[in-house]
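Heads up: the sequence shown begins at -2 in the numbering used here, then just goes up one per residue. One structure is given below, encoded as structure tokens.
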Amino acid sequence: MNMIIHDLTKEEFYKLHHTDYSKEKVIGKTKPIQNCKGCFLCWCKTPGRCVLKDEYQKMGENIAASDEVTIISRLTYGGYSPFIKNILDRSISYILPFFTTRKGEVHHKARYKQRFKLHVIFYGNHISEEEKEIATKLVKRNALNFNCISQEATFIANKSEIARCLK
């Protein structure tokens, strides 16, 4: 299954992409999201699941069930929009609190055997080369820590271009 995580309004997303819910899971800002508390109970008390009870508490499990994760985010100072950053924070249960060495660096061990491809589509007007460079590095670092199969960062100026970027 593929998963799309986006920060668009529901109307914007469905105008740009008609999804087959048997093949894609869509995570958008449809309900209020609580901020990650950094309590790490998703690692200790409820392994793989956030203890905050809202629509987003199963992000680790959702990622584990995905072959490809596509993130659509407004580029914000070389990073993700606040909603997407919060979703990624709430996804920490996808990995374990233990460490391993990957590519000569220390990273979290994988909780699940399932690995996924990561594709991030950043949108925004007047995206600078510096912002692109920072965001590309961020996506690579996230992919390495999540033990992804591959990663790709795409930059577009207009939201209307999102449809052509979705595979």
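No residue lacks a Cβ here, since even glycine has one placed at the ideal position from N, Cα and C. Only a predicted model underlies this, so the values are computations on that prediction, with no experimental measurement involved.
I'd like the list of long-range same chain contacts for residue i, defined as Cβ closer than 8 Å, with 5 residues on each side in sequence excluded.
i, result
"Asn32", "Asn83, Asp86"
"Cys41", "Pro94"
"Asp51", "Lys28, Pro29, Ile30, Gln31"
Excluding sequence positions up to five away, which residues of its chain have a Cβ less than 6 Å from the Cβ of residue i?
i, result
"Leu163", "His14"
"Leu49", "Gln31"
"Tyr53", "Ile30, Arg87"
Measure the alpha-carbon distance for residue i versus residue j and round it to whole angstroms.
i, j, result
"Asn155", "Lys55", "31 Å"
"Gln148", "Arg112", "12 Å"
"His3", "Ile69", "5 Å"
"Ala62", "Ile159", "24 Å"
"Thr43", "Ala107", "16 Å"
"Ser157", "Val23", "18 Å"
"His105", "Thr97", "6 Å"
"Arg138", "His123", "24 Å"
"Thr133", "Phe119", "10 Å"
"Lys7", "Leu38", "31 Å"
Residues in its own chain within less than 7 Å of residue i by CB, not counting five upstream and five downstream?
i, result
"Ser88", "Met56, Gly57, Ile60"
"Ala140", "Leu115, Gln148"
"Glu65", "Asn(-1), Phe113, Lys114, His116"
Can you tell me whether residue i is buried or exposed? The criterion is at least 16 other CB atoms within 10 Å of its CB, across all chains shown.
i, result
"Ala150", "buried"
"Thr67", "buried"
"Lys176", "As shown, the chain starts at -2 and ends at 164. That puts residue 176 outside it, with no answer to give."
"Met0", "buried"
"Val103", "exposed"
"Ala81", "Here residue 81 is Ile; the residue named in the question, Ala, does not match the sequence. Buried, by the Cβ-count rule."
"Gly18", "Just to set this straight, residue 18 is Tyr in the shown sequence, not Gly. Counting Cβ neighbours within 10 Å, Tyr18 comes out exposed, since fewer than 16 surround it."
Could you tell me whether the Cβ of residue i comes closer than 8 Å to any Cβ of chain C?
i, result
"Tyr77", "Reference to chain C is not applicable here, since this structure consists of a single protein chain."
Stretch pair the stretch 88 to 108 + the stretch 119 to 137: three plus CB contacts closer than 8 Å
The way I'd put it, the stretch 88 to 108 doesn't touch the stretch 119 to 137; fewer than three beta-carbon pairs between them come closer than 8 Å.
Every unbroken beta strand (DSSP E) inside the stretch 82 to 134 [3 residues or more]:
Along the stretch 82 to 134, the beta strand (DSSP E) occurs as fully enclosed runs of 3 or more residues at 92 to 99, 102 to 107, 114 to 120, listed in sequence order.
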